[in-house]
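Colleague: Quick one: this structure, given as structure tokens, is what I'll be asking you about.
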Ligand SMILES: C[S@@+](CC[C@H](N)C(=O)[O-])C[C@H]1O[C@@H](n2cnc3c(N)ncnc32)[C@H](O)[C@@H]1O
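In the working numbering, the protein residues as written are 47 to 312.
This is the structure in structure tokens:
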């Protein structure tokens, strides 16, 4: 399946900032708690974006690890390299398209992770087999992604605002099913950990900003809702009105992130 998707650094950063400002739990701490990385590890982060998980590993391990981040988006990689220079962090950021053979040797990584990215793969079993190939025997894979109940409020408000059926999202519609099964088919042991983080909004603005960043980032997935910039602005006005009604009715807007972490052993 070809996924029409293009992340932008500003949309991604907007959502990351809203998670940390309005949520009470820290997903990076949860991830580290599930993985428990140890010093000296050789780690690969696939779909690393601007390097969020790479920097978490680096800081957690006090820099005592070999870390490689790979992504197909050159702007994201450039951003990651700038941050690495600022932090004086030795992390290797490489061009890596996870729809193709990874430019990496087999059996070398103690850990390969792929956070909020695996569901954009055109052929999930292939991408998982590439991660499996580069992990050493006994090494582990960690993935994170949205569970089916993720961000219920977001979809409810969009449904209410537009009266339309939400298109299947590549993440939540198949992360806990197809992607889990593909991991299970190749790895010896798979565990699931669930992270829930309610984002509490007392005004509509941050909810609308989150929605704007999500819809604009995934605009091709939402093309039955809007095609032009004007359609987009019109939909955003309807969403703002629906969110305002909800807020008046319920006194607050609570959007809960429900994330699954799968950890598997080769
Ligand atoms: C939602 S972002 C997550 C980035 C990062 N892991 C984080 O959590 O901040 C999804 C990432 O997947 C990357 N991606 C999408 N298609 C890809 C591909 N074919 N190969 C490698 N990375 C890809 C995007 O460029 C983007 O950086």
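Beta carbons are placed, not taken as given, at the ideal position from N, Cα and C, and that holds for glycine.
Given the structure is predicted, the values throughout are model-derived calculations rather than measurements.
Looking at ligand 1, does it come within less than 7 Å of residue 58, judged from the CB to the closest heavy atom?
Modeller: Here residue 58 refers to the residue found at position 12 of the chain shown. Yes, since a heavy atom of ligand 1 falls inside the 7 Å radius drawn around the Cβ of residue 58.
Colleague: Below 8 Å on the Cβ atoms is my guess for residue 85 versus residue 111; work out the distance and round it to an integer in Å.
Modeller: Here residue 85 refers to the residue found at position 39 when the chain shown is read from its first residue. Here residue 111 refers to the residue found at position 65 when the chain shown is read from its first residue. Residue 85 to residue 111, Cβ: 7 Å. Contact.
Colleague: Beta-carbon of residue 109 versus every beta-carbon of chain D: anything under 8 Å?
Modeller: Looking for chain D here will not work: only one protein chain is present.
Colleague: Evaluate residue 99 with the Cβ neighbour count: other Cβ atoms within 10 Å of its Cβ, from every protein chain shown; 16 or more gives buried, anything less gives exposed.
Modeller: Counting from one through the chain shown, the residue named residue 99 turns up at place 53. Under this definition residue 99 is a buried residue.
Colleague: Just to check, is the beta-carbon of residue 152 closer than 7 Å to a non-hydrogen atom of ligand 1?
Modeller: Within the chain shown, the letter at position 106 stands for residue 152. False, no ligand heavy atom lies under 7 Å from that Cβ.
Colleague: Can you tell me which residues form a DSSP beta bridge with residue 145?
Modeller: Here residue 145 refers to the residue found at position 99 of the chain shown. Residue 145 is not bridged to any residue.
Colleague: Have a look at residue 49 and residue 105 and give me their C-alpha separation to the nearest angstrom.
Modeller: Here residue 49 refers to the residue found at position 3 of the chain shown. Here residue 105 refers to the residue found at position 59 of the chain shown. Here the model assigns residue 49 a pLDDT of 47, short of 50, so the residue's position is not dependable and the matter cannot be decided.
Colleague: Taking the beta strand (DSSP E) that residue 242 belongs to, which residues open and close that run?
Modeller: Along the chain shown, one-based indexing puts residue 242 at 196. First-last of the beta strand (DSSP E) with residue 242: 235-247.
Colleague: Quick one: using the 10 Å Cβ neighbour count with 16 as the cut-off for buried, is residue 178 buried or exposed?
Modeller: Residue mapping note: residue 178 aligns to position 132 of the chain shown, counting from 1. Buried.
Colleague: In angstroms with no decimal places, state the Cα-to-Cα distance between residue 135 and residue 308.
Modeller: Position 89 of the chain shown, counted from the first residue, corresponds to residue 135. Position 262 of the chain shown, counted from the first residue, corresponds to residue 308. The alpha-carbon atoms of residue 135 and residue 308 are separated by roughly 27 Å.
Colleague: With respect to the beta strand (DSSP E) encompassing residue 159, which residues constitute its N-terminal and C-terminal limits?
Modeller: For the purposes of this step, residue 159 is identified with residue 113 of the chain shown, where counting begins at 1. First-last of the beta strand (DSSP E) with residue 159: 155-161.
Colleague: May I have all residues whose beta carbon comes closer than 5 Å to any heavy atom of ligand 1, sorted in chain order?
Modeller: Going by the Cβ distance cut-off, the answer is 53, 93, 95, 98, 117, 118, 119, 122, 143, 144, 145, 161, 162, 163 and 166.
Colleague: List the DSSP bridge partners of residue 267.
Modeller: Taking the chain shown and counting its residues from 1, one reaches residue 267 at position 221. Partner(s): none; residue 267 has no beta bridge.
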